[in-house]
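Novice:
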Ligand SMILES: [Zn+2]
């Protein structure tokens with residue numbers, strides 16, 4: 129009897145092990161290295177000077193609504209015209225709503241859908257007092273170009289222009305039409321720039337085969353558990369939902385309080401929301417670890433190939449990391465609370481604001497249902513705040529020619545890093561092109577290490593001169609690959 133049980137247990141163990149191994153073999157993948165390319169000839173120093181000139185145009189919005197400064201944009205547009213004569217001679221240039229720019233590089237095979245490369249012209253403000261070099265002087269020093277916008281995202285704007293100018297000088301003609309979509313108010317939501325550009329393309333019946341906008345980069349330490357450098361392509365963006373919570377109760381004197389005041393009722397509801405977050409969806413991370421493949425340690429490959437078994441372990445490992453936690457669930461952040469003005473008076477009303485960031489797959493309706501279920505208190509009223517919600521964006525495929533072409537170009541230019549898809553935690557201008565494009569990728573072609581942390585929107589924003597030169601090579605190669613009718617290298 130005992131032996132029979134032992135045999136059964138052994139058989140189950142053996143079968144499980146075989147199942148785990150087979151799943152891991154199916155899951156993991158190794159990429160053959162692609163051949164590194166030299167790329168177009170780039171004069172790094174000259175490119176640096178062009179970026180510095182763009183930095184000197186202070187395209188900072190004049191207010192929170194994103195009102196553009198006409199002079200600054202005029203200066204930037206003029207600078208582009210003078211610096212890139214071929215682009216301005218051979219491409220069609222349209223101004224959308226006064227400041228955004230749409231360039232069209234007509235392809236020889238117009239029956240194929242166009243592709244679009246994006247960057248935005250606006251930058252956030254900068255207080256010069258703590259900068260090593262003033263933020264709008266465009267200083268080139270110690271191997272860096274310093275200034276606001278050098279990482280977000282005039283580097284990309286100049287990278288695109290520079291690459292096009294070089295290819296035009298070489299006589300390159302794309303088969304597919306290539307568009308450059310350069311918004312002017314991304315930092316304030318893009319509603320007056322790229323939103324209108326997206327509508328314009330839709331009106332014209334244009335459908336795009338692929339978009340590359342700012343986003344993930346190439347860096348070490350981006351993915352927990354993975355050593356070495358990896359390139360991440362943003363394939364989706366989280367949604368946004370701000371909810372206002374209100375509790376009204378009878379006001380009165382604090383000498384004779386009721387068992388619960390409006391503040392107490394609201395506080396309990398908020399605590400429950402914080403301690404009952406939306407559920408995790410580990411499977412959303414599978415494409416990331418699948419893309420990284422053998423660059424991930426074998427333990428992680430086994431675990432992600434077998435979430436059915438190792439899910440709880442993975443969760444315990446990932447949830448304490450705020451970025452990974454935000455990558456596997458809709459997050460809940462209590463951001464504003466108000467109630468009461470005097471120490472001896474029970475307030476009639478208490479209010480709070482909670483900001484949720486929606487994982488693709490979770491909808492606004494799902495979150496509101498979750499809120500109702502968790503709070504379970506009719507006295508707490510809540511509603512989404514007008515203009516402060518949008519669903520998560522659809523996920524672009526990590527297969528197909530557009531993704532494959534981009535994937536290959538990254539590996540060619542940056543010497544074969546693993547390339548994987550991920551969900552962007554913040555939003556960009558490309559959201560406005562969802563109605564005209566299914567293959568939207570967010571990728572900034574720059575190798576970044578720890579020293580870049582906090583520079584975007586921060587003090588001493590700067591980019592290495594050499595990194596800027598490489599960005600030009602990346603765009604030139606992407607234009608040549610996405611510019612073919614196949615969008616991939618044969
Ligand atoms: Zn940006």
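In my numbering, the protein residues as written are 129 to 618.
Think of the CB as a built atom: it goes at the ideal place given N, C-alpha and C, for glycine as much as any other residue.
1. Tell me the DSSP secondary structure of residue 495 in three-state form.
2. Which same chain residues, not among the five before or five after residue 296, have their C-beta less than 7 Å away from its C-beta?
3. My parser needs the beta strand (DSSP E) runs of 3 or more residues fully inside the region 547-588; what are they?
4. Entirely within the region 245-331 and at least 4 residues each: give me those alpha helix (DSSP H) ranges in chain order.
5. Closer than 7 Å between the C-beta and any heavy atom of ligand 1: which residues qualify, listed along the chain?
6. Can you round the beta-carbon distance between residue 293 and residue 212 to whole angstroms, since I take them to be within the 8 Å contact cut?
7. Under DSSP, the beta strand (DSSP E) around residue 230 begins and ends at which residues?
8. Is the region 240-257 close to the region 144-155, with three or more CB pairs under 8 Å?
9. Using C-beta distances below 8 Å, list every residue in its chain close to residue 583, excluding the 5 sequence neighbours before and after it, in chain order.
10. In chain order, what residues of the same chain have a beta carbon less than 6 Å from the beta carbon of residue 274, not counting five sequence neighbours either side?
11. Are residue 341 and residue 406 touching if we call contact CB-CB under 8 Å?
12. Buried or exposed for residue 475, going by 16 or more other Cβ atoms inside 10 Å?
13. How should residue 513 be labelled, buried or exposed, when 16 other C-beta atoms within 10 angstroms of its C-beta is the threshold for buried?
14. Between residue 373 and the rest of its own chain, which residues show a CB-CB distance below 8 Å, the 5 nearest in sequence each way excluded?
15. Can you tell me which of the three DSSP states residue 466 falls into?
16. Within the same chain, show all residues whose beta-carbon is closer than 6 Å to that of residue 430, passing over the 5 residues directly before and after it, in chain order.
17. Which runs of the alpha helix (DSSP H), 4 residues or longer, sit entirely within the region 160-243?
18. Taking its Cβ as the centre, do 16 or more other Cβ atoms sit within 10 Å of residue 580, making it buried, or is it exposed?
19. Tell me, which residues are paired with residue 365 by DSSP?
20. Can you check DSSP and say which residues form a bridge with residue 370?
21. Applying the 10 Å Cβ sphere with the 16-neighbour rule, what's the burial state of residue 147?
22. With C-beta atoms as the reference, is residue 175 less than 8 Å away from residue 277?
23. Distance check for residue 178 and residue 555, CA to CA, integer angstroms please.
24. Around the Cβ of residue 259, are there at least 16 other Cβ atoms within 10 angstroms (buried) or fewer (exposed)?
25. Enumerate in chain order the residues of its own chain whose CB-to-CB distance from residue 601 is below 7 Å, with the five nearest sequence positions on each side excluded.
Specialist: For this structure:
1. helix
2. 214, 215 and 218
3. 547-552 and 568-576
4. 282-297 and 322-331
5. 248, 280, 281, 314, 315, 342 and 556
6. 5 Å
7. 228-233
8. no
9. 279, 589 and 590
10. 261, 267 and 590
11. no
12. buried
13. exposed
14. 394, 397, 398, 479, 480, 481, 482, 508, 509 and 510
15. strand
16. 152
17. 172-183, 198-211 and 213-218
18. buried
19. 552
20. 483
21. exposed
22. no
23. 27 Å
24. buried
25. 167, 168, 170 and 541
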